[in-house]
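Under my numbering, residues 75 to 272 are what the sequence shown spells out, in order.
Note that the Cβ used here is the ideal one computed from N, Cα and C, for glycine as well.
Values in this document were obtained by computation on a predicted structure and should not be read as measured data.
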Amino acid sequence: MKSDIKSIRDYKYIIVIGVSTGGPKTLKQLFSNLSKDLPATYVVVQHMPAGYIDNMSKRLNECSELSIKKAAHGDILRRGEVYISPGGMQCTVIDEYLPKIKIIDGQLYKGYRPSVNLLFSSVAKLNCNTLGIILTGMGQDGLEGVRDLKLTHKTKIIVQDKNSSIVYGMPSAIVEAGLSDYVLNIYEMSKLIKKLVR
Numbered sequence: 075m076k077s078d079i080k081s082i083r084d085y086k087y088i089i090v091i092g093v094s095t096g097g098p099k100t101l102k103q104l105f106s107n108l109s110k111d112l113p114a115t116y117v118v119v120q121h122m123p124a125g126y127i128d129n130m131s132k133r134l135n136e137c138s139e140l141s142i143k144k145a146a147h148g149d150i151l152r153r154g155e156v157y158i159s160p161g162g163m164q165c166t167v168i169d170e171y172l173p174k175i176k177i178i179d180g181q182l183y184k185g186y187r188p189s190v191n192l193l194f195s196s197v198a199k200l201n202c203n204t205l206g207i208i209l210t211g212m213g214q215d216g217l218e219g220v221r222d223l224k225l226t227h228k229t230k231i232i233v234q235d236k237n238s239s240i241v242y243g244m245p246s247a248i249v250e251a252g253l254s255d256y257v258l259n260i261y262e263m264s265k266l267i268k269k270l271v272r
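Written as structure tokens, this is what we have:
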């Protein structure tokens, strides 16, 4: 069984991403510069209502080597794949031995569904190397989750800078709390990810 798990979990990092206003364009820029051979899997919370993520995922998938899809309950995380939380649902990751997506029709969490906080905090409970990325967006969703990730001592936090953010609310909250390890223009971010996971 352990060998079977190892063959499925063929990545070193779970990369969790939180984004809101300006997300589709920003995610396109990020994912179009990442290759499927990197030892990473990606889970994204994009603040959007139900019904929009299908089309956004398809458009992003067309411009990236990565396999990008709307996350479904029970999806096993795999190398080179991107799972975007459905709109209007809560998305977390469970099971440190074979990490998989858990989707629930839960309540708003601090005003958000999907919630960046819930996603990040769920990954913080797993015994996995992680990168946390906070991109453009309004408000402070992600601050609590980033704090939880930092407590694991197995993560680095990357934040989009003000100049390339459409709205500098979510990134600013992380920077002001002193929780960011890197603050970068979105055009430089893919290079850093490649460096950190290799």
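| Query | Result |
| --- | --- |
| Return yes when the Cβ of E155 is within less than 7 Å of the Cβ of T115, no when it is not. | yes |
| For T226, name the three-state secondary structure that DSSP assigns. | coil |
| Which same chain residues, not among the five before or five after D84, have their C-beta less than 7 Å away from its C-beta? | R153 |
| In the DSSP assignment, the beta strand (DSSP E) including S238 goes from what residue to what residue? | Element bounds for S238: n/a, residue is neither H nor E. |
| Going by other Cβ atoms of all chains shown within 10 Å of its Cβ, with 16 needed for buried, is S195 buried or exposed? | buried |
| Is there contact here, the stretch 193-210 with the stretch 227-236, by at least three beta-carbon pairs under 8 Å? | yes |
| May I ask which residues mark the beginning and end of the alpha helix (DSSP H) holding Y261? | I260 to V271 |
| L205 by DSSP, collapsed to three states: which one? | strand |
| Enumerate in chain order the residues of its own chain whose CB-to-CB distance from L270 is below 7 Å, with the five nearest sequence positions on each side excluded. | L205 and K230 |
| For K286 and E218, what's the separation of their Cα atoms in angstroms? | Because the chain here runs from 75 to 272, residue 286 falls outside it and cannot be looked at. |
| Considering only residues of the stretch 155-221, which uninterrupted alpha helix (DSSP H) runs meet the minimum length of 4 residues and lie entirely inside it, listed in chain order? | 190-198 |
| For the beta strand (DSSP E) holding G92, just list the boundary residues, first then last. | Y87 to V93 |
| Say whether the stretch 159-166 touches the stretch 184-195, bearing in mind that this needs 3 or more beta-carbon pairs closer than 8 Å, one atom from each stretch. | yes |
| Whole angstroms is fine: what's the gap from D255's alpha carbon to K102's? | 23 Å |
| Applying the 10 Å Cβ sphere with the 16-neighbour rule, what's the burial state of S94? | buried |
| Please report how far the alpha carbon of K143 lies from the alpha carbon of A251, in whole angstroms. | 32 Å |
| Three-state secondary structure (DSSP) at K102? | helix |
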